[in-house]
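Chemist: If you scroll down you'll find the structure; I have some questions about it.
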Amino acid sequence: MNKTVNQKAWFFVLPVLILVAFNAIVPLMTVVNYSVQETFGDNVFFWAGITWFEDVLRSSRFHDAMGRQLFFTFTILAIEVPLGVIIALAMPRKGIWVSVCLVLMAMPLLIPWNVVGAMWNIFGLPEIGLLGKTLNTIGFDYNYTRQPGDAWFTLIMMDVWHWTSLVVLLAYAGLVSIPDAYYQAAKIDGASSWAIFRYIQLPKMKRVLTIAILLRFMDSFNIYTEPSVLTGGGPGNSTTLLSIDLVKIALGQFDLGPAAAMSLIYFLVILLMSWIFYTVMTRNEEQ
Amino acid sequence: MKRVSWLIPTVYIVFLMLPIYWLVSMSFKTTNEILGSFTLWPQNFTLDNYRVIFTDPTWYMGYVNSITYVTINTVLSVAVALPAAYAFSRYRFLGDKHLFFWLLTNRMAPAAVFALPFFQLYSAIGIFDTHLAVALAHTLFNIPLAVWILEGFMSGVPKQLDETAYVDGYSFPAFFVKIFIPTIAAGIGVAAFFCFMFSWVELLLAKTLTAVEAKPIAATMTKTASSSGYELGLLAAAGTLTIIPGAIVIWFVRNYIAKGFALGRV
Amino acid sequence: MARISLSSLKHSYLPNPSNDADWALKELNLNWDDGGAYALLGPSGCGKTTLLNIISGLLNPSHGKVLFGDDDVTGLPPEQRHIAQVFQFPVVYDTMTVYDNLAFPLRNRGVDEKTVGERVSEIAAMTDLTEMLGKRASGLTADGKQKISLGRGLVRTDVNAILFDEPLTVIDPHLKFQLRSKLKEIHQRTANTMIYVTHDQTEALTFADRVVVMNVGEVVQIGTPEELFETPHHTFVGHFIGSPGMNVIPCKIDNGKAVLSGVSVKTSNKAATDVKQAEIGVRPEFISFAKKGLEVQVTKVSDAGRFNIVDAILAGNPIKLLVPEGSPIPSETAHIELKADRTRIYCDGRLAGLEGAA
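Protein chains in written order, with my numbering: chain A, 21 to 307; chain B, 1050 to 1315; chain C, 57 to 414.
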């Protein structure tokens, strides 16, 4: 669409600008402020330069949390994206069952995050949870509060349960936007199911899948409430992801300097990775 | 392949429903039954857990608080996002692309990073522990999303609509309210749905910015869970009740949901 | 390659069709000779596309059979029928190059790359795509994309028939003519059966050897362009084909003869005795002004180049006449003469004396 140049449009944007700037810039400045100062309480501050940044970047605690975070994010992306696409492909396209599927599938997305955590916490308990009891009954020694492997298994299951529907709904929206003529032409051309997927469905889903992956990437990097209710980062530190560690340092230990430095590094990592991914995915379109 | 394709969504939906079923079934059990034996459905069906929630103000006020700040947030976010989205979809102006991208970066910000600064900022201006504090904090994430969704829907409306209205003698405000808003009603519904969804499910900020007066139901649950030991039945009932508003909202937007999740721009 | 026959074919999109309107396609028996160039002509929504999709196998008819030669193919999917089809709106595979798009139907059938290369360059030359073969298909204009769709329809050598579903809708007018001539040329060269669906009579009459005219789910006449023009079997055909269309004037029947406001009119056919609704059909080309005869009131004259189109009222009904340029046109009251051998009686819309033969 041809847009006209109109500087007065700024007035339309002004309310948004004021609200978001108030919420983003003031707190962000506070964080930056803390990140370069040392305090011994009583509101006495000393200039600390980039000490905190160096400390955080060198600390094995941060490295471990970052490692766990990356492992978590890439695991859930590797499961949720293909799974979501497969489910979207198998969904009905017309009739009452579409609404039924969509409504039921969207349900996990609208449950408060701590309830999701609590639900899986109970669901997985070895004595009284359906999942825990079942696994133990059929012979697995499953206890997510004691064994790190089981904790990870539960954590990933929970995220798949919670968020795969987002990918399904996005992929489905991409699929239903493909006109019938494409499928008819493919049939006439003798295309196999795989060729239809590869040359029609996948290209048409590319845009929505980019959004899905971006959203899932950002949100999984920011995840806090569900794992903190489910495992609290344990057993030990085995499921302590970045946000959990950050809150432990900031609100638990009140080490504001390191927490602020860590926040900024964390935020920059997300921005950088999202930007790289977005640029790579959209560059092909412009060619 | 065609004949078994219904199996995949069915299995997936069963997988989704199992933990929910477990929570709901537990909410109808007595604490003794939950802890004492493993039962697939309530043996001694009881409504006691729900009775506690509906009679104890510390419980039911949690719902009132949550719904209050979610509503304020949704109205506020959509109201300010509408003109902004219109500007982005219709005009070019100095710095428009940078501004749009900057808005979206806020959507990427980890809530954990903002928890403490928000606490200090809102305490400083004296709105700590009010509904407004939570609603304002959530706008940081919801306004960018609402602008994004609405811009997508508005770009799908041909510009001729605006021009025709001006030719017909509408002033801009009259056109915007009487013609444009009804045209993109679906988009507004979808944007409101997303604002509702995020504000309803978020807990970290909501918990950090409230103490007593505006405490959300989700925070009541966690505090109760730790203070009164293991009242699982009560917890399950409270959890079950938090699912209901979401389910109602989904039902209303079910026809737009597929398009809405693609943020209006398939 | 084989002759295509449709036997007692009917189709409804509803599970339990009860009345006439529920049928998208009413019962029909039709043969398409091998190597023919057919046009399927009719207004929008008359069932043309339904019929086409049944032939190609995209749609299974609710009743009846589709035969290719002697083989019943009714249940077979499109890929086993050796049919090519081009759709109204361009379908291209966005991520592929133009070359790969054209090669796609061949590669899916396991044709070796050397043959693929030869066929693709041949077709690309025919459709003016040679220079774009290396480009991504998504970057082309609507014209270019539709040429790719056409090319994909033409590229296979094993086809029984090529079906075109209003393929030139999105093409610029001057290119339309060019591409249609090209298709005609390709038809003469390859002798493939081609069925061309359109609602545009010029397109149908210039492309096809035989035209199948459809209306509300029914085939009303099949014939060469001349036959359709000269002997319409149905008032619909007379009206739909020709510009302006045939005049259809309600009349009375007396002893098998047409009577218009008390005057007997000479016609080339006779009507049966029990007729509910009778009409006289005569093309504007075959009406001329005369000294005596039926009386008309001239209401309007419009210049159409080599002809003048005259609007007049005949016994309360509007009619049109074509008068060659230069001939005198009377004003107000005048008399006309209908060419007897081109004037026909239609009973209930159908040409009298021809019942059941449509």
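Even for Gly, the Cβ is constructed at its ideal location relative to N, Cα and C. Source: prediction; values computed, not measured.
With DSSP as the reference, label HIS295 of chain C as helix, strand or coil.
Modeler: helix
Chemist: Keeping to the same chain, check which residues put their C-beta closer than 8 Å to that of LEU437 of chain C; ignore five residues upstream and five downstream.
Modeler: The structure shown does not extend to residue 437 of chain C, since chain C is modelled only from 57 to 414, so the question has no answer here.
Chemist: What would DSSP say about THR258 of chain C, mapped onto helix, strand or coil?
Modeler: helix
Chemist: Do you know whose CA, among A:PRO168, A:THR174 and A:ALA232, lies nearest GLY194 of chain A's CA?
Modeler: When each option's Cα is compared against that of GLY194 of chain A, the closest is A:ALA232.
Chemist: Which residues of chain B have a Cβ atom closer than 8 Å to the Cβ of TYR202 of chain A, listed in chain order?
Modeler: The premise fails here: TYR202 of chain A is roughly 14 Å from chain B at the closest Cβ pair, so nothing lies under 8 Å.
Chemist: Can you check the stretch 99–125 of chain C for any beta strand (DSSP E) of at least 3 residues that lies completely inside it and give the ranges in chain order?
Modeler: 119–124
Chemist: Please list, in chain order, the chain B residues whose beta carbon lies closer than 9 Å to that of TRP172 of chain A.
Modeler: Those within 9 Å of TRP172 of chain A in chain B number zero; the least Cβ separation is about 18 Å.
Chemist: How many angstroms separate the CA atom of ILE96 of chain A from the CA atom of THR184 of chain A?
Modeler: 9 Å
Chemist: Nearest by alpha-carbon distance to TYR1118 of chain B: which of B:ASP1145, B:GLU1251 and B:TYR1305 is it?
Modeler: B:GLU1251
Chemist: Excluding the 5 residues preceding and the 5 following PHE160 of chain C in the sequence, name in chain order all residues of the same chain whose CB lies nearer than 8 Å to its CB.
Modeler: TYR149, MET152 and ARG208
Chemist: Say the cut is 8 Å; is the CB of MET127 of chain A nearer than that to a heavy atom of the ligand MN?
Modeler: Within the structure as shown, the ligand MN is missing, as the structure has no ligands at all.
Chemist: Distance check for MET270 of chain C and PRO384 of chain C, CA to CA, integer angstroms please.
Modeler: Each residue's Cα considered, the two are about 39 Å apart.
Chemist: In three-state terms, what does DSSP make of TYR244 of chain A?
Modeler: coil
Chemist: Check the Cβ-Cβ distances between SER68 of chain C and every residue of chain A, and say whether any is below 9 Å.
Modeler: no
Chemist: Are there three or more Cβ pairs, one per stretch, closer than 8 Å when the stretch 116–133 of chain A is compared with the stretch 1294–1303 of chain B?
Modeler: yes
Chemist: Reducing DSSP to helix, strand and coil, say where ARG406 of chain C ends up.
Modeler: Secondary structure at ARG406 of chain C: strand, using DSSP grouped into helix, strand and coil.
Chemist: From C:LYS82, C:ASP397 and C:ILE218, pick the residue whose C-alpha is nearest to that of ILE343 of chain C; which is it?
Modeler: The alpha carbon of ILE343 of chain C has as its nearest neighbour, out of C:LYS82, C:ASP397 and C:ILE218, the alpha carbon of C:ASP397.
Chemist: Does DSSP put PHE143 of chain C in a helix, a strand or coil?
Modeler: The answer is coil: DSSP assigns PHE143 of chain C none of H, G, I, E or B.
Chemist: In its own chain, which residues sit with a C-beta less than 6 Å from the C-beta of ALA1255 of chain B, not counting the 5 before and 5 after it?
Modeler: VAL1183 and PRO1265
Chemist: Determine the DSSP secondary structure at TRP1197 of chain B, reduced to helix, strand or coil.
Modeler: helix
Chemist: Put VAL1073 of chain B into one of helix, strand or coil per three-state DSSP.
Modeler: helix
Chemist: Using 10 angstroms around the beta-carbon of ALA360 of chain C, count the other beta-carbons present and answer buried if the total reaches 16, otherwise exposed.
Modeler: exposed
Chemist: If you run the structure through DSSP and keep just helix, strand and coil, what is TRP295 of chain A?
Modeler: helix
Chemist: For SER1276 of chain B, which residues from the same chain have a beta carbon less than 7 Å from its beta carbon, with the 5 sequence-adjacent residues on both sides left out?
Modeler: Residue placement at SER1276 of chain B cannot be trusted, given a pLDDT of 48 that sits under 50; the coordinates are not used to answer.
Chemist: Can you say whether LYS114 of chain A is buried or exposed, counting buried as having 16 or more other CB atoms within 10 angstroms of its CB?
Modeler: exposed
Chemist: Using a Cβ-Cβ cutoff of 7 Å, what residues of the stretch 130–143 of chain A are near chain B? List them in chain order.
Modeler: LEU130, ILE131, PRO132, TRP133, ASN134, VAL135, ALA138, MET139, TRP140, ILE142 and PHE143
Chemist: Shortest alpha-carbon distance to GLY210 of chain A belongs to which of C:SER112, C:GLN257 and C:GLY312?
Modeler: Checking every option, the nearest Cα to that of GLY210 of chain A belongs to C:SER112.
Chemist: If we ignore side chains and look at the alpha-carbon of each, how far apart do ASN248 of chain C and ALA58 of chain C end up?
Modeler: 10 Å
Chemist: Could you name the residues of the same chain whose beta carbon sits closer than 6 Å to that of VAL331 of chain C, not counting the 5 residues immediately before and after it, in chain order?
Modeler: ILE309 and CYS403
Chemist: Tell me the DSSP secondary structure of VAL187 of chain A in three-state form.
Modeler: helix
Chemist: Using a Cβ-Cβ cutoff of less than 6 Å, which residues in the same chain neighbour LEU5 of chain C once the five nearest sequence positions on both sides are dropped?
Modeler: Given a span of 57 to 414 for chain C in the structure shown, any question on residue 5 of chain C remains unanswerable.
Chemist: Could you check where the alpha helix (DSSP H) with THR197 of chain C kicks off and where it finishes?
Modeler: No alpha helix (DSSP H) contains THR197 of chain C, which DSSP labels as neither H nor E.
Chemist: With a CB to CB cut of under 8 Å and the five nearest residues on each side skipped, what residues in its chain are close to MET238 of chain A?
Modeler: ILE290 and SER294
Chemist: Give a yes or no on whether the minimum CB-CB distance between TYR149 of chain C and chain A is below 9 Å.
Modeler: True, the Cβ-Cβ gap to chain A drops below 9 Å.
Chemist: If the criterion is Cβ atoms closer than 9 Å, does the pair ALA95 of chain C and ILE227 of chain C meet it?
Modeler: no
Chemist: For chain A, find out if any of its Cβ atoms is closer than 9 Å to the Cβ of GLN202 of chain C; answer yes or no.
Modeler: no
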